[in-house]
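Engineer: To start, I am sharing the structure in question, which I have written as C-alpha cells.
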Amino acid sequence: MGLYFAPSKIMVQTTETQDVEIKVALSRKQAGMVAYTELWAFCGRYFDGLTAFTPRKETGEPKPTVNGPNPVVWQHLARFAVSRGFQIPHAQALVADEGRLHSQLALEYLRKARPTCPRFSDNDIRKVLDAVPVNMDISQHQSPLPLPHLSIDRRIGRPFARDFAEEKRLLFFPHLYGPVVFENASISLMRRDLFSCIFGSFTFETSDFELATNSGEPAQDIMDMDTPSEVLGSDTRLTDLESRCSRLQQEYQSLLSQHDTLVRKYEIEQSKTEGLEIENLELQAKCRDLTQKYSAQCEANELETNMASDEIRKDLDNLQNRHHHLEDAYNRVVLEHKDCDATKKQLSSLARQWKAQGDKNLELNSTCARLKRELEEALANRNFEAATVDKGKLSIVVPEPIEATTMSALEDSDTTPTTDQPLYSWVPRTDQSSYEMFFAYCTANGGSALQGWGSLISMQAESALPRIEQLLHQAEMEFGSDQYGAMTILGKIIIPTSAEYVFQCFGPTHQTIFIGPNSVLSAYVPVIERRASSSQTGSSVMTIIDAAAQATSKALVKRQRQEDDSEDDEIINDRGFGKELTRYTTKKSIPKRRILRLQGPEVPNMSTESRGHIDSEHASEQQKLT
C-alpha cells in the first residue's frame, strides 16, 4: 500500500462503463483494500487476455481459443489501476504508450486477414481502429437471470467456459459485497465467499452507493469484437446477416417447441405438486404422532438406561473393591512365596550343613567311643594286674599321679553351630519372670560350663508353646533327631517328645532347660554336683591307684548287693588311697547300718595321725552329702 494514494472520491465499478461512489466514510486502509479488490475482480474477468490460460472446456463444445497475453488488456488494467489511486511507474508507462499498442494490434490483424498484401498504409490501420465501437457495454444488455446450482467439480480451479461468461457479468464490487440473498450454491455465492476469505469481508447496503455515472473508459478488448462489414465488404456482411437470421429463426422455433413442452411439463408437475402437498400434510400429521411416541419412548428408555447404569456402576464398584482385595491377597501370597523360597533355600543349606556335621559327629562319636574303650581296657588291665586283694584287704602298688585330662578331652564333644547366633558361656539367671532354653554346642573348663546361645520363653503356655515347638524343630535340624536331648540345671534328663511336655518340665527351681547333643549334655557337670565335689581335693588329678580302688570298690558293692537283695538306695563314699569305703543303707526295716571297710597299703611318708585326720574330714563330708 505504499504506492496507493486515495482519490477524493472512492469509486467502484458496477459495469464495464459505469462507476458509483461510496458514500460511507472509509479509512485509507479500507479504501486501499476496496481498490485492490477491484483490480483482482478485473483480473478475474479478463484472465484469458492477461495470460495464456483459457477457461476449461465444456462437455460437447469446442475448446476455447487462446487470446492472451494481450498487451492491450494489460494497458486497460494499468489505466484502471491508475484511476483508482495506484501510482505504479510500470502502469503509468503502459498508459502513456496506448496509441502504439493499438496500432500494433491493428497491423497484426490486417496481416492475418490479408496475408497476400505486402504493405498496409496508415489509412488502413486507422479504418480498423475506427471500426471498433466505443463505450460498448455488453453486460448492461444482458438481463439478470437466476443462476443454476453449481456442482462440486465446477466450484474450484479454472472456471468452465459458461461459468466464465457469467463471471464477466458478476465480478464487480457491488455484486460481490452487496446485500444479496442466495438460494442455492451458485457461482455468485462461490465467488463472494472466495473474495471474502482472501481480501476481507465488506458489508454495504444499496443506499451506501451514489447513482451510476459513465466512466468513459471502455474495458472491452477490441480483439474480442467482430470485424465490421465496412472492412470485409458489403456482400460478406449481407451473407452473414442472412445466415444469422436463419439461425435465429431456427432457434426461435426450437424455443417455441421447448416452451410448449415446458408448459405441459409444468402442468403435470403442478398436479404432482398438489398431490405431494396433500401427502406432505398427511406425513406431517404422522410425523407429529411419531414424534410424541418417540419422545415418550425416549423418556422411558432414558429412565431404564439410568437404572441400568446405576446397577452397572454399583457392580463395577464391587468388582473394583474385590479386585483390590484380590490384588492385595495376591501381593501377600507373592511375598509369602518369596519368603518361603528364601526359607527353603536356607533350610536346604542348613540340611546340607547338618548332614555334613552329622557325618562328622558320627565319626567323632565313633572315634571317642573307641578311645574310651581302649582307655578303659588299658586302665582295667593295668589296675587289676597291680592290685591284690587278700581276705577283704586290698593291696595296691604305690600310685603314680597322672593328669586326668584324657577323659575330659574325650567327654567334651564339640558341635559346630549352624546358626548365626553369637555363642557365650551359660551362667545362672537372676530374672525370675521368664523361662530359658539354652542351646549347648560344647563344654568348657573341663565340663563345668556350657557354650551356646539361649532364648527366653514366656511363662504363659499360649505364647510359649509355639516358640518351644520352633526351638525343638531347630534343634532337630541342627543336632539330628536321634542325637540330641534335654536336661535341667539339676541334671535331670528330659526326652523332648513334644512342646507341651517340655513346658511342663519348667518349674521354680529349674527355669532353664539345656538342649544339645547327648555327648555334650553327658559331659556337662551340673552345678549341684560341682558344689558337692568342690570340698574334695584332687578333683582335677587322678592316679592309677585311685582308678583301681574305684573299680575294686564297685565290684565289692555289686557283690554285696547280690548277697543282700533287700538293701537298696545305696550311697557309696569312695575314699582315696589308705581310706575307708563305707556303705550305708537307708531302708526303714533295717535299723542298723553296716560299714564295709576296705583297707589299702600304707602310704609312704604319711603318719597315722594324718591319715586319721583325712578320714575324719571325708566322713564329715559324706554325712553332709547324705
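So the sequence shown is numbered by full-length UniProt numbering: it starts at 1 and just counts up by one.
Ideal Cβ positions, reconstructed from N, Cα and C, are used throughout, including at glycine.
Source: prediction; values computed, not measured.
1. Can you give me the start and stop residues for the beta strand (DSSP E) that I457 sits inside?
2. Take every Cβ of the region 5-15, pair it with every Cβ of the region 47-61, and state whether three or more of those distances are shorter than 8 Å.
3. For P64, I'd like the list of residues in its chain whose CB is within less than 6 Å of its CB, leaving aside the five on either flank, ordered along the chain.
4. Could you tell me which of G200, A113, P174 sits nearest to S188, measuring between CA atoms?
5. Could you pull out every residue in the same chain whose Cβ sits closer than 6 Å to the Cβ of K588, ignoring the five residues on either side in sequence?
6. Within a Cβ cutoff of 7 Å, which residues of the same chain sit near Q109, ignoring the five residues on either side of it in sequence?
7. Taking a contact to mean a Cβ-Cβ separation below 8 Å, would you say I481 touches I457 in this structure?
8. Over the uninterrupted alpha helix (DSSP H) stretch that includes I515, give me the two end residues.
9. Starting from Y484 and walking both ways along the beta strand (DSSP E), at which residues does that stretch end?
10. What residues in its chain sit with their C-beta under 6 Å from that of residue 631, if we drop five residues either side in the sequence?
11. What three-state label does DSSP hand S425 in the structure shown?
12. For the candidate residues H90, F47, V12, Q474, whose alpha-carbon lies nearest to that of V73?
13. Between Q253, I515, L256, which lies nearest to G452 when the distance is taken from Cα to Cα?
14. Taking the straight line between their C-alpha atoms, what separation do you get for Q346 and C442?
15. Tell me the rounded alpha-carbon separation between N365 and V333.
16. Assuming contact is defined by CB atoms lying nearer than 8 Å, are F209 and M33 in contact in what I supplied?
17. Suppose you measure from the CA of S257 to the CA of D122; what does that come to, to the nearest Å?
18. Indicate the three-state DSSP secondary structure (helix, strand or coil) for V263 in the structure shown.
19. Any idea if Q357 is buried or exposed, counting beta-carbon neighbours within 10 angstroms, 16 or more meaning buried?
20. What whole-angstrom Cβ distance do A461 and W426 have, given they're in contact under 8 Å?
21. What are the boundary residues of the alpha helix (DSSP H) that T82 is part of?
22. If you run the structure through DSSP and keep just helix, strand and coil, what is I198?
23. Check whether the Cβ atoms of A78 and L94 sit closer than 8 Å, and answer yes or no.
24. Output needed for L472: all residues of its chain with C-beta closer than 6 Å, excluding positions within five of it in sequence on either side, in chain order.
25. Pull up the distance between the alpha-carbon of H325 and that of N318, whole angstroms please.
26. Please go through the same chain and pick out, in chain order, the residues whose beta-carbon is closer than 7 Å to the beta-carbon of G85, but skip the five residues on each side of it.
27. Buried or exposed: which applies to Y177, given that a residue is buried once 16 or more other Cβ atoms fall within 10 Å of its Cβ?
28. Which residue's Cα is closest to the Cα of W354: A475, T367, L262?
29. Could you check which residue in F479, S455, E478, M477 has the C-alpha nearest to that of S468?
30. How many Å lie between P89 and S196 at the Cα?
31. Pick helix, strand or coil for E277, following the three-state DSSP scheme.
32. Between the alpha carbons of E242 and Q250, how many angstroms are there, rounded?
33. Got a sec, what are the start and stop residues for the beta strand (DSSP E) A34 sits in?
34. Go through its chain and collect everything with a Cβ distance to S498's Cβ below 7 Å, but skip five positions before and after it.
35. Please work out which residues of its chain come closer than 8 Å, Cβ to Cβ, to N301, disregarding the five sequence neighbours upstream and downstream, and give them in chain order.
36. Is Y177 helix, strand or coil by DSSP?
Structural biologist: In brief:
1. 449-457 is the extent of the beta strand (DSSP E) around I457.
2. No, because fewer than three Cβ pairs between the region 5-15 and the region 47-61 fall closer than 8 Å, the two stretches do not touch.
3. Excluding residues within five positions, the ones whose Cβ falls inside 6 Å are T54, P55, A161.
4. Closest in C-alpha terms to S188, from the list G200, A113, P174, comes P174.
5. Confidence in K588 is poor, its pLDDT being 40 and thus under 50, which makes the residue's placement too unreliable to answer from.
6. The sequence given here places Tyr at residue 109; Gln does not occur at that position. So the list reads V128, once near-sequence residues are dropped.
7. One detail in the question is off: residue 481 reads as Ser in this sequence, not Ile. Cβ distance not < 8 Å, so S481 and I457 don't count as in contact.
8. In the DSSP annotation of this structure, I515 is not part of any alpha helix (DSSP H); the continuous beta strand (DSSP E) holding it starts and ends at 512-517.
9. Taken as a continuous stretch (DSSP letters only), the beta strand (DSSP E) holding Y484 covers 484-488.
10. What the structure shows of the chain is the stretch from 1 to 626, and residue 631 is not part of that stretch, so it cannot be assessed.
11. DSSP places S425 within a strand segment (E or B) once states are collapsed to three.
12. Comparing alpha carbon positions, the residue from H90, F47, V12, Q474 closest to V73 is F47.
13. When only C-alpha atoms are compared, the closest one is I515.
14. When rounded, the distance between both Cα atoms is 24 Å.
15. Roughly 45 Å separates the two Cα atoms.
16. Against a cut-off of 8 Å, the Cβ pair of M33 and F209 comes out as no contact.
17. Their Cα atoms are separated by approximately 52 Å.
18. DSSP places V263 within a helical segment (H, G or I) once states are collapsed to three.
19. Sixteen is the threshold: when 16 or more other Cβ atoms of the shown chains lie within 10 Å of the Cβ of Q357, as they do, the residue is buried.
20. At roughly 25 Å, the Cβ-Cβ gap does not stay under 8 Å, so A461 and W426 are not in contact.
21. Here residue 82 turns out to be Val, not Thr, going by the sequence shown. Following the DSSP letters along the chain, one finds V82 inside the alpha helix (DSSP H) bounded by residues 71-83.
22. Helix.
23. Yes, Cβ-Cβ distance for A78 and L94 is below 8 Å.
24. By the criterion of a C-beta distance shorter than 6 Å, L472 is surrounded in its chain by P496, once the five residues flanking it on both sides are discounted.
25. Answer to the nearest angstrom: the Cα atoms are 11 Å apart.
26. Only Y4, F5, A6, P7, A35 meet the Cβ criterion.
27. By the neighbour-count rule (16 or more Cβ atoms within 10 Å), Y177 is buried.
28. Nearest C-alpha to W354 among A475, T367, L262: A475.
29. Here residue 468 is Ile; the residue named in the question, Ser, does not match the sequence. Per the Cα distances, S455.
30. Spanning the alpha carbons of P89 and S196 requires a straight line of approximately 29 Å.
31. Helix, per DSSP.
32. When rounded, the distance between both Cα atoms is 12 Å.
33. It should be noted that the sequence gives Val, not Ala, for residue 34. V34 -> not in any beta strand (DSSP E); alpha helix (DSSP H) instead, spanning 28-45.
34. Here S498 has no same chain residue with a Cβ atom under 7 Å from its own Cβ, once five neighbours each way along the sequence are excluded.
35. Hits under 8 Å: none found.
36. Y177 falls in the helix class under three-state DSSP.
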